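According to UniProt numbering, the sequence shown is numbered sequentially starting from 1.
Since the structure comes first, as structure tokens, the remarks are kept for the end.
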Amino acid sequence: MASSIVDIHPHIISDDEGRYPPAPLFGKRSEWSKERPTTVETLIAAMDDAGVAKAAVVHSSTTYGFDNSYVVDGCAKYPDRLAAVGSVDVLQPDAPARIREWTDRGLAGLRLFTGGSTKEFDPSELDDPRAFPAWELCAELGLPMCIQTGPIGLPQVTALARRFPGVAIVLDHLGRPEVADGAPYVKAQSLFDLAPLENIYLKLTPRIFGDVKKEKASAETFFPRVVQEFGAQRLAWGSNFPTSPGTLAEILATAQTGLQSLSEEDRAWVFGKTAQRLYPVLA
């Protein structure tokens, strides 16, 4: 299976700040991007070492704000292996024009960053009507939309999924559910409530593989439940490398161990086939 592994959540940072100057969203640069910067060449080497065939590389908003130049230029160097996922300020009137400009340069998907490593989540922009033209264009162009939010933003995610059924919505970090209470995971019910919305997909990242080891949670009870609710065809693995500590090979091994309770077919979807459905350029 190693030849078909696809990662849908690594990041890259240029070592040339003259050409790609940092301008972080919310004005605060993430610590990881200073401590563990990873160029596109470093990522490719890490992928080779880990046996990862392809990747959808996620633009670092906490380094570059809305300037997707490095993720687009970096991925363009390896078009047979990488696809670029970028960010646009969807609340601005020129958002559709910006999206078209970036897709013309190779952008294969978009991401809404409502908070995370450098600020609290603010889900208000998610279902702001000013953003709807951008969403309509995503539907027209077939661009998936990744959303970085926590449980606080799931009502907005639900509304967007219903309003734009033609847009694949990918929840970063599984929407950060609370799982420490263990099976039947009552505190994660807001996540499971999304399952009937067929355009919602989930990213399985190091965060959830860590969370299922806490208190009463377990990989053996949580992941089969997620597959039962959503189907493996709507789950995809993302490394969060190098934001999450460890080598890409170590991060992948942790995910593979965590999903041992799933069938071989389900794991094939999580580690590759779902990613290629979301980003056909990686197929």
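Note that beta-carbon positions come from the ideal geometry of N, C-alpha and C, so glycine has one too.
In this text, all values refer to a predicted model and were calculated from it rather than measured experimentally.
Would you mind working out which of H11, P21, T62, R19 sits nearest E41, comparing C-alpha positions? For the purposes of this step, residue 41 is identified with residue 41 of the sequence shown, where counting begins at 1. Checked all of H11, P21, T62, R19; the closest Cα to E41 is H11.
Presumed contact (8 Å Cβ cut-off) between I8 and A236, rounded CB distance: Within the sequence shown, residue 8 is the residue found at index 8, counting from 1. Within the sequence shown, residue 236 is the residue found at index 236, counting from 1. Yes, I8 and A236 are in contact; Cβ-Cβ is about 5 Å, under 8 Å.
The ligand NAP heavy atoms versus the CB of P151: any closer than 7 Å? Annotation note on the ligand NAP: not contained in the displayed structure, which lists no ligands.
Taking a contact to mean a Cβ-Cβ separation below 8 Å, would you say V227 touches A219 in this structure? To locate residue 227, count along the sequence shown from 1; it is residue 227. To locate residue 219, count along the sequence shown from 1; it is residue 219. No, the pair does not count as a contact, with Cβ atoms beyond the cut-off.
Along the chain, where does the alpha helix (DSSP H) containing W208 start, and where does it finish? Taking the first residue of the sequence shown as 1, we reach residue 208 at position 208. Sequence check: residue 208 is Ile here, not Trp. I208 -> alpha helix (DSSP H) spans 206-211.
Between F66 and P37, what straight-line distance do the alpha-carbon atoms span, to the nearest angstrom? Start at 1 with the first residue of the sequence shown, and residue 66 comes out as number 66. Start at 1 with the first residue of the sequence shown, and residue 37 comes out as number 37. Going by the C-alpha atoms only, they are around 18 Å apart.
Suppose the cutoff is 7 Å on Cβ atoms and the five residues either side in sequence are ignored; what does the same chain contact list for P224 look like? By one-based count along the sequence shown, residue 224 stands at place 224. Only S261, L262 meet the Cβ criterion.
I need the straight-line Cα distance from H59 to P184, nearest angstrom please. On the sequence shown, position 59 is the one that residue 59 refers to. On the sequence shown, position 184 is the one that residue 184 refers to. H59 and P184: Cα-Cα distance of roughly 35 Å.
Within the same chain, show all residues whose beta-carbon is closer than 6 Å to that of T254, passing over the 5 residues directly before and after it, in chain order. Residue 254 sits at position 254 when you count from the first residue of the sequence shown. Contacts found: F209.
Around the Cβ of T63, are there at least 16 other Cβ atoms within 10 angstroms (buried) or fewer (exposed)? The count along the sequence shown starts at 1 and reaches residue 63 at position 63. Under this definition T63 is a buried residue.
Using C-beta distances below 7 Å, list every residue in its chain close to K203, excluding the 5 sequence neighbours before and after it, in chain order. In the sequence shown, residue 203 corresponds to position 203, counting from 1. If we look at K203 and ignore the five residues flanking it on each side, its Cβ neighbours are I8, H9, V170, L171, D172, H173, L174, A236, G238.
If I'm right that L82 touches A55 with Cβ under 8 Å, what's the distance once you round it to whole angstroms? Working through the sequence shown from its first residue, we reach residue 82 at position 82. Working through the sequence shown from its first residue, we reach residue 55 at position 55. That pair is a contact at about 6 Å.
State the DSSP-derived secondary structure class of Q156, mapped to helix, strand or coil. Counting from 1 along the sequence shown, the entry for residue 156 is found at position 156. In the displayed model, Q156 falls within a helix according to three-state DSSP.
Three-state secondary structure (DSSP) of L107: In the sequence shown, residue 107 corresponds to position 107, counting from 1. Looking at L107 - three-state DSSP - the assignment turns out to be strand.
Using CA atoms only, rank isn't needed, just tell me which of K34, F132, W102 is closest to Q92. Indexing the sequence shown from 1 puts residue 92 at position 92. Considering only alpha carbons, the answer is F132.
What does the alpha-carbon distance come out to for the pair E215 and E178? In the sequence shown, residue 215 corresponds to position 215, counting from 1. In the sequence shown, residue 178 corresponds to position 178, counting from 1. Taken atom to atom, the span from the alpha-carbon of E215 to that of E178 is near 11 Å.
Name the DSSP bridge partner or partners of K203? Counting from one through the sequence shown, the residue named residue 203 turns up at place 203. Paired residue(s): A236.
Using the rule of at least 16 other Cβ atoms within 10 Å of the residue's Cβ for burial, across every protein chain shown, is T274 buried or exposed? Working through the sequence shown from its first residue, we reach residue 274 at position 274. With 16 or more Cβ atoms within 10 Å of its Cβ, T274 is classed as buried.
Opening and closing residue of the beta strand (DSSP E) in which Q189 lies: Position 189 of the sequence shown, counted from the first residue, corresponds to residue 189. Looking at the DSSP string, Q189 is not in any beta strand (DSSP E); the run it does join, the alpha helix (DSSP H), is 189-192.
Going by beta carbon distance, what residues of the same chain come within less than 7 Å of residue 287, once the five residues before and after it are set aside? Residue 287 is absent from the model: the chain starts at 1 and stops at 283.
Using beta-carbon positions only, say whether V281 and A97 come within less than 8 Å of one another. Position 281 of the sequence shown holds residue 281. Position 97 of the sequence shown holds residue 97. Cβ distance not < 8 Å, so V281 and A97 don't count as in contact.
State the CB to CB distance for the pair I147 and L112, rounded to an integer number of angstroms; the pair is presumed to be in contact (CB under 8 Å). Working through the sequence shown from its first residue, we reach residue 147 at position 147. Working through the sequence shown from its first residue, we reach residue 112 at position 112. That pair is a contact at about 5 Å.
If we call anything under 8 Å between Cβ atoms a contact, is V85 one with V52? The count along the sequence shown starts at 1 and reaches residue 85 at position 85. The count along the sequence shown starts at 1 and reaches residue 52 at position 52. The Cβ atoms of V85 and V52 lie no closer than 8 Å to each other.
For S244, collect the residues of the same chain with a Cβ closer than 8 Å to its Cβ; drop the 5 residues on either side in sequence, then sort them by chain order. Within the sequence shown, the letter at position 244 stands for residue 244. T205, P206, R207, I251.
What whole-angstrom Cβ distance do S14 and Y70 have, given they're in contact under 8 Å? If you number the sequence shown from 1, residue 14 lands on position 14. If you number the sequence shown from 1, residue 70 lands on position 70. Right, their Cβ atoms sit about 5 Å apart.
Given E35 as reference, the closest of Q233, F241, I152, P196 once Cα atoms are compared: Your numbering for residue 35 matches position 35 in the sequence shown. The option with the nearest alpha carbon to E35 is F241.
Among the residues of its own chain, which have a CB less than 7 Å from the CB of P123, if the five just before and after it don't count? The sequence position of residue 123 within the sequence shown is 123, counting from 1. If we look at P123 and ignore the five residues flanking it on each side, its Cβ neighbours are T114, T149, I152, G153, Q156.
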